[in-house]
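There are 2 protein chains.
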Amino acid sequence: MFSGTNLPKVGTYNVNVVLSAIQASEDISRVEIAQRTGLTAQTVSVIVRRLLEQGIIQESGPLPSAGGKPRTALRVNPSAAYAVGIHFDPLEVSIVVVDMLGRELSRSRNEIPAGREPEVLIAEAAKVAQELLHELDVPIERVLGVGAACPGPIDQDEGQVISLPRNDHWTDVPIKHLLQECTGLDVIVDNDANAAAIGERWSGHGRDCSDFAFLYLGTGIGGAMFLSNHIYRGVSLNAGELGHVVVEPNGAPCYCGGRGCLEAMCTTASIVRDVRAELALGRASSLTALYKANPELVDHTAVCLAAAAHDGVARRVIDRAADYIADCAVMIANVLDVELIVLGGKGVIHVADIYLQRVCEALQTRPLARRVHTVRAAISAMASSGAALGAATLVLHTAFAPDTASLTSFDV
Amino acid sequence: MFSGTNLPKVGTYNVNVVLSAIQASEDISRVEIAQRTGLTAQTVSVIVRRLLEQGIIQESGPLPSAGGKPRTALRVNPSAAYAVGIHFDPLEVSIVVVDMLGRELSRSRNEIPAGREPEVLIAEAAKVAQELLHELDVPIERVLGVGAACPGPIDQDEGQVISLPRNDHWTDVPIKHLLQECTGLDVIVDNDANAAAIGERWSGHGRDCSDFAFLYLGTGIGGAMFLSNHIYRGVSLNAGELGHVVVEPNGAPCYCGGRGCLEAMCTTASIVRDVRAELALGRASSLTALYKANPELVDHTAVCLAAAAHDGVARRVIDRAADYIADCAVMIANVLDVELIVLGGKGVIHVADIYLQRVCEALQTRPLARRVHTVRAAISAMASSGAALGAATLVLHTAFAPDTASLTSFDV
Chain A
1 MFSGTNLPKV GTYNVNVVLS AIQASEDISR VEIAQRTGLT AQTVSVIVRR LLEQGIIQES
61 GPLPSAGGKP RTALRVNPSA AYAVGIHFDP LEVSIVVVDM LGRELSRSRN EIPAGREPEV
121 LIAEAAKVAQ ELLHELDVPI ERVLGVGAAC PGPIDQDEGQ VISLPRNDHW TDVPIKHLLQ
181 ECTGLDVIVD NDANAAAIGE RWSGHGRDCS DFAFLYLGTG IGGAMFLSNH IYRGVSLNAG
241 ELGHVVVEPN GAPCYCGGRG CLEAMCTTAS IVRDVRAELA LGRASSLTAL YKANPELVDH
301 TAVCLAAAAH DGVARRVIDR AADYIADCAV MIANVLDVEL IVLGGKGVIH VADIYLQRVC
361 EALQTRPLAR RVHTVRAAIS AMASSGAALG AATLVLHTAF APDTASLTSF DV
Chain B
1001 MFSGTNLPKV GTYNVNVVLS AIQASEDISR VEIAQRTGLT AQTVSVIVRR LLEQGIIQES
1061 GPLPSAGGKP RTALRVNPSA AYAVGIHFDP LEVSIVVVDM LGRELSRSRN EIPAGREPEV
1121 LIAEAAKVAQ ELLHELDVPI ERVLGVGAAC PGPIDQDEGQ VISLPRNDHW TDVPIKHLLQ
1181 ECTGLDVIVD NDANAAAIGE RWSGHGRDCS DFAFLYLGTG IGGAMFLSNH IYRGVSLNAG
1241 ELGHVVVEPN GAPCYCGGRG CLEAMCTTAS IVRDVRAELA LGRASSLTAL YKANPELVDH
1301 TAVCLAAAAH DGVARRVIDR AADYIADCAV MIANVLDVEL IVLGGKGVIH VADIYLQRVC
1361 EALQTRPLAR RVHTVRAAIS AMASSGAALG AATLVLHTAF APDTASLTSF DV
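These protein sequences, in sequence, are chains A and B.
Residue 302 in the working numbering sits at position 302 of the first sequence, with consecutive numbering throughout.
Count along the second sequence from 1, add 1000, and you get the number used in the working numbering.
Listed below in structure tokens is the structure:
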């Protein structure tokens, strides 16, 4: 059912429209803001004055003028607000602090000891976050909140992790509530792929994109879709499961019950498994000595480094993974016709060039509408800490990005 | 870039929110409209008065009351407005007239003679539309416009058909302009799958759905995605190409240049081809006599009727098509997490039950989030005239449905 809109909703929306125009530019004048947003000069002027008074934006000197009245440049005040991002990966916890521009100011990363209780882990993460803020000397009243990212599925309303892949004792963990108690800050929870996409939108390749997809290659494979300027979550908040797109109908079994899902063919674990299988057959490889010393030493990092250095065995397996990822990218182009597909997560480290080349080639030659519109691809610059950074920018995004949905949200 | 909003935009939006609430119900009171939309009683009252004065809605008597002030039921006036829908399929033209409720009042359907020039065909269709309106005695001032649906790709802004599959001389046809000239009415052009989806939303299974996908099995295979209450079109208006989802990586070559696309495996033509190939091998079938008389007589209708009557050969081919369609449905569920997937188009006639059963089974057992949320499937009740009906409701939808995008559209 559609909901109506009213004046207060419109007011907040327009403030965020102005702020978003300023955030998307390095320096912008009031006149340009009016031109870009379609708002009147008077509305822009009132909103800018309020944002200046609140210290959210600042004047950064005169803009070059082509005659006429000089124009004052406006930009976001980097120290107007801060946010904390925490990424709970099945294997490690990453914690970052960002400023208002989404720039990483500080970071901590810790492996998760096997079997650690969620409550203990969350309390430890909160403690680290507070230490980072203390070291940076950030005034606590300027910290907007904590964003927490986990591999899905997540109950976003309740801020609960429903389950954590590969960590059976993480079931129905009230992560939002626990983090709020430990930090005294507002907490937002989302899945890691959505968080990474929001990070990309706030300060990465998605900065000017209304429509892009994010393929998140972490311990598992997830996806996020930023459509019409919003994360598209689906009716049960389970959209974006790109890891379960079938790329090989008779391929390896997947934990979802299917066969040949991207998740079953291209995770770090399956890549390592495939390379070890080749090495066990005695194929010549620069990894042979390592494998003979201890097969466990042939991990994903070793495989990716070997592939980047043109080792035949490693390269074949990585190339095949790249082709499957390209198949998924072509499907995204055909179905969603987005502007951009971003690849991110720790799975792309060392092999980003290989993945990007194969995906770009496929996007240029295979989607039906390739001659009308070629979908671009890019590697997230936040590969190693993308989800933690994204979780932090999720806080900024929630506070400051214009939300069309809020115009029509139901508040009776 | 985000655009600002203002009061006139909000006013139009709220009128359409109220109308949409009335359209979605059989009978509804002012109080219920306020409850469902979040608008104030006063706003609802003002808008309802205006809609009554304009004859767009009508009072339909008192509602059963639980004591207190009696409530008057409101409903849409079916004869408030009419619309014409024209579907240009590669093989035939269908023309319908609908009332304000999207109900089909009249229909005409004509095969397209081979090589017919687009200009001639469009003029003929316009003439038929005018005859239908005349026979129905519809006042021309109540006809809101003409919706035209074609197999994509379409330049929606210009109202041009960029190209029509299997009709090489249909290139850059200015269909909107030509139809406007011939009919003197406003014209909207969209692809057949989007039109069918809008029809489904206005008066079919999608009536209460904010998020559903439409798999259109016509002469070709197309798709449409209704996400967050709008047709999602993608950045170059080429989203929804579900026909080019790969369901068999080493399958038959597709005209897009790929292999094993749904379009290459499951069109009416490929189904017929596969059945004829089996019959040529001498497989026992109820179609054998027909095939021996003339292989051309074994067309898609004959195959589907035979499959429905449990003929082994026809059933095997239809079952395999159903499985491919189910694979595509599972992908849609995993990626888009919609509420509903509708199958429509003439390709489902006679085999709807087979397709629906396989798709429902797959949706219940395969998507990752199936335990949290099972995506439903349904067969469009408008299988034979869906795109023409949809094209007509496209006119109603454009005129009357609340368009969040209009709140923030750029009108300088």
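No residue lacks a Cβ here, since even glycine has one placed at the ideal position from N, Cα and C.
If we ignore side chains and look at the alpha-carbon of each, how far apart do residue i and residue j end up?
{"i": "A148(A)", "j": "P90(A)", "result": "14 angstroms"}
{"i": "V330(A)", "j": "I1354(B)", "result": "29 angstroms"}
{"i": "K1346(B)", "j": "W1170(B)", "result": "22 angstroms"}
{"i": "S1060(B)", "j": "S1203(B)", "result": "20 angstroms"}
{"i": "K1127(B)", "j": "I1095(B)", "result": "10 angstroms"}
{"i": "T1429(B)", "j": "V1146(B)", "result": "Missing from the structure shown is residue 1429(B); chain B here goes from 1001 to 1412 and no further."}
{"i": "A1369(B)", "j": "N1334(B)", "result": "7 angstroms"}
{"i": "E1278(B)", "j": "E1241(B)", "result": "30 angstroms"}
{"i": "I1318(B)", "j": "I1271(B)", "result": "7 angstroms"}
{"i": "G1055(B)", "j": "A1080(B)", "result": "6 angstroms"}
{"i": "L394(A)", "j": "V1313(B)", "result": "55 angstroms"}
{"i": "A1401(B)", "j": "N1014(B)", "result": "10 angstroms"}
Measure the beta-carbon distance from residue i to residue j and round it to whole angstroms, keeping in mind my assumption that it falls under 8 angstroms.
{"i": "D172(A)", "j": "Q156(A)", "result": "At roughly 14 angstroms, the Cβ-Cβ gap does not stay under 8 angstroms, so D172(A) and Q156(A) are not in contact."}
{"i": "I122(A)", "j": "L179(A)", "result": "6 angstroms"}
{"i": "L996(B)", "j": "A1083(B)", "result": "A question about residue 996(B) goes unanswered here, because the residues of chain B that appear run from 1001 up to 1412."}
{"i": "H1205(B)", "j": "L1340(B)", "result": "6 angstroms"}
{"i": "D1027(B)", "j": "A1073(B)", "result": "4 angstroms"}
{"i": "V1076(B)", "j": "L1052(B)", "result": "Actually they are not in contact, since the Cβ atoms of V1076(B) and L1052(B) sit about 11 angstroms apart, beyond 8 angstroms."}
{"i": "V1044(B)", "j": "I1033(B)", "result": "5 angstroms"}
{"i": "R1207(B)", "j": "A1024(B)", "result": "6 angstroms"}
Starting from residue i and walking both ways along the alpha helix (DSSP H), at which residues does that stretch end?
{"i": "G413(A)", "result": "Since the first residue shown for chain A is 1 and the last is 412, residue 413(A) is missing from the structure and cannot be characterised."}
{"i": "S270(A)", "result": "268-280"}
{"i": "P1118(B)", "result": "1118-1136"}
{"i": "A1362(B)", "result": "1352-1365"}
{"i": "I47(A)", "result": "41-53"}
{"i": "I1175(B)", "result": "1175-1183"}
{"i": "V1031(B)", "result": "1030-1037"}
{"i": "L1428(B)", "result": "Residue coverage of chain B in this structure runs from 1001 to 1412, which leaves residue 1428(B) outside it and unanswerable."}
Check whether the Cβ atoms of residue i and residue j lie closer than 7 angstroms to each other.
{"i": "L224(A)", "j": "A197(A)", "result": "Just to set this straight, residue 224(A) is Ala in the shown sequence, not Leu. Yes."}
{"i": "L1297(B)", "j": "L1290(B)", "result": "yes"}
{"i": "V1247(B)", "j": "Y1324(B)", "result": "yes"}
{"i": "A125(A)", "j": "I188(A)", "result": "no"}
{"i": "A1195(B)", "j": "G1390(B)", "result": "yes"}
{"i": "V120(A)", "j": "S106(A)", "result": "no"}
{"i": "F1226(B)", "j": "C1150(B)", "result": "no"}
{"i": "A1378(B)", "j": "H1350(B)", "result": "no"}
{"i": "R1366(B)", "j": "G258(A)", "result": "yes"}
{"i": "V1235(B)", "j": "V1275(B)", "result": "no"}
{"i": "E92(A)", "j": "E111(A)", "result": "yes"}
{"i": "G222(A)", "j": "A193(A)", "result": "yes"}
{"i": "L1262(B)", "j": "V1348(B)", "result": "no"}
{"i": "A1326(B)", "j": "A1362(B)", "result": "yes"}
Within 10 Å of its beta-carbon, does residue i have 16 or more other beta-carbons around it, so buried, or fewer, so exposed?
{"i": "N16(A)", "result": "buried"}
{"i": "R1358(B)", "result": "buried"}
{"i": "D1211(B)", "result": "buried"}
{"i": "K69(A)", "result": "exposed"}
{"i": "V1412(B)", "result": "With a pLDDT of 28 at V1412(B), under the threshold of 50, the modelled position of that residue is not reliable, and no figure is offered here."}
{"i": "E1200(B)", "result": "buried"}
{"i": "E414(A)", "result": "Nothing about residue 414(A) can be reported from this structure: the residues present for chain A run from 1 to 412 only."}
{"i": "I47(A)", "result": "buried"}
{"i": "P460(A)", "result": "The displayed coordinates of chain A run from 1 to 412. Any statement about residue 460(A) would go beyond what the structure contains."}
{"i": "K1176(B)", "result": "buried"}
{"i": "T37(A)", "result": "buried"}
{"i": "F1410(B)", "result": "Low confidence applies to F1410(B): its pLDDT is 40, below 50, so where it sits in the model is not reliable enough to give any reading."}
Could you give the residue range of the beta strand (DSSP E) that holds residue i?
{"i": "T1072(B)", "result": "1071-1076"}
{"i": "R109(A)", "result": "104-111"}
{"i": "N1191(B)", "result": "1187-1191"}
{"i": "L227(A)", "result": "221-227"}
{"i": "Y1216(B)", "result": "1212-1217"}
{"i": "A1148(B)", "result": "1143-1150"}
Does the Cβ of residue i lie closer than 6 angstroms to at least one heavy atom of the ligand FMN?
{"i": "P153(A)", "result": "Among the components modelled here there is no ligand, and therefore nothing to report on the ligand FMN."}
Between the region 1363-1374 of chain B and chain C, which residues of the former have CB atoms less than 8 angstroms from a CB of the latter, in chain order? Any reference to chain C falls outside this structure, whose protein chains are A and B.
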